[in-house]
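Quick note: the sequence shown uses numbering that gives the first Met the number 0, first residue 0, plus one each step. Quick reminder that beta carbons are idealized off the backbone N, C-alpha and C, glycines included. Below is one structure; the comments refer to it alone.
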Amino acid sequence: MNANNEFAEQTAAIVVLSGPTAVGKGTVEARIKQLHPELWVSVSATTRKPREGEKHGVDYLFVSEEEFARMEEAGEFLETALVHGMSHYGTPIKPLLERASGGSPALVEIDLQGARRVRERAEELKLNVFFVFLAPPSFDDLAKRLNKRGTETEEQKRKRLETAKVEMAAEKEFDRVIVNDDIDKAAEELWQILKLCAAKAES
Ligand code: 5GP
């Protein structure tokens, strides 16, 4: 835990939600959006192809490798990461700062590499960001989730599980841990954190 950041001196109401692969970050994000449509959630750019039902500009900004590289070169991202060694993801910096500097809560859902990068950049940009780690109820639970996805080969699953084990240890780098044993409960806890950060940013 980062004791210095228990809602300390927020100058911007940015909350980063991260956690191990397959813990359900995207599901909790989708749930909080459903429950609180007024919440502003950062839309990442990605080079991966859209899945069925995903909309450009809503779920992601689906861009080509060339466009992603151009955006990166132009300094348009707060952070970028190559996720699962396959696709590039990045958090556009301008809309996030515009939103957060007004004291309104902003949620950023990214992987662990991204969260670490945001921590470095936050210092440089003098942004006070609150970091939330979404944890599975247990490691077995995470293994089950990885198995359930059904979209990966055995080898890919084994690799992801190895990664997940290492990722679980990152918990201590975060300001707060939310255990994802119930999606509604996790979304509500996250909402309370966002509200507190926003209140702090306003004061
Ligand atoms: P998916 O492609 O399944 O939506 O997301 C894959 C992973 O990429 C998830 O762990 C998600 O948190 C992460 N991710 C989504 N957007 C970003 C981003 O802008 N930056 C980083 N670093 N990770 C992201």
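Short of 8 Å from the beta carbon of residue 182, and not among the five residues preceding or following it, lie these beta carbons of its own chain, in chain order: 23, 26, 27, 30. Counting along the chain, residue 91 sits inside the beta strand (DSSP E) bounded by residues 86–91. Residue 136 has its alpha-carbon roughly 30 Å from the corresponding atom of residue 199. For residue 108, the Cβ falls inside the 8 Å cut-off from some heavy atom of the ligand 5GP.
Under the 10 Å beta carbon count, residue 168 is surrounded by fewer than 16 other beta carbons and is classified as exposed. Contact check for residue 78 and residue 109: beta-carbon distance about 7 Å, within the 8 Å limit, so the pair qualifies. Take the alpha-carbon of residue 122 and the one of residue 36: they are about 30 Å apart. Distance from the CA of residue 165 to the CA of residue 195, rounded to the nearest whole angstrom, comes to 30 Å.
In this structure, the beta-carbon distance from residue 117 to residue 42 does not fall below 9 Å. Segment contact: the region 57–71 against the region 93–107, fewer than three CB-CB distances shorter than 8 Å; contact not assigned.
In this structure residue 114 touches residue 130 by the C-beta definition: roughly 6 Å separates them, less than 8 Å. At least one heavy atom of the ligand 5GP falls within 8 Å of the beta-carbon of residue 90. Residue state for residue 162 is assigned as helix, using DSSP reduced to three classes. If you check the C-beta of residue 79 against the ligand 5GP, you find a heavy atom less than 8 Å away. Here DSSP, grouped into helix, strand and coil, assigns residue 45 to strand.
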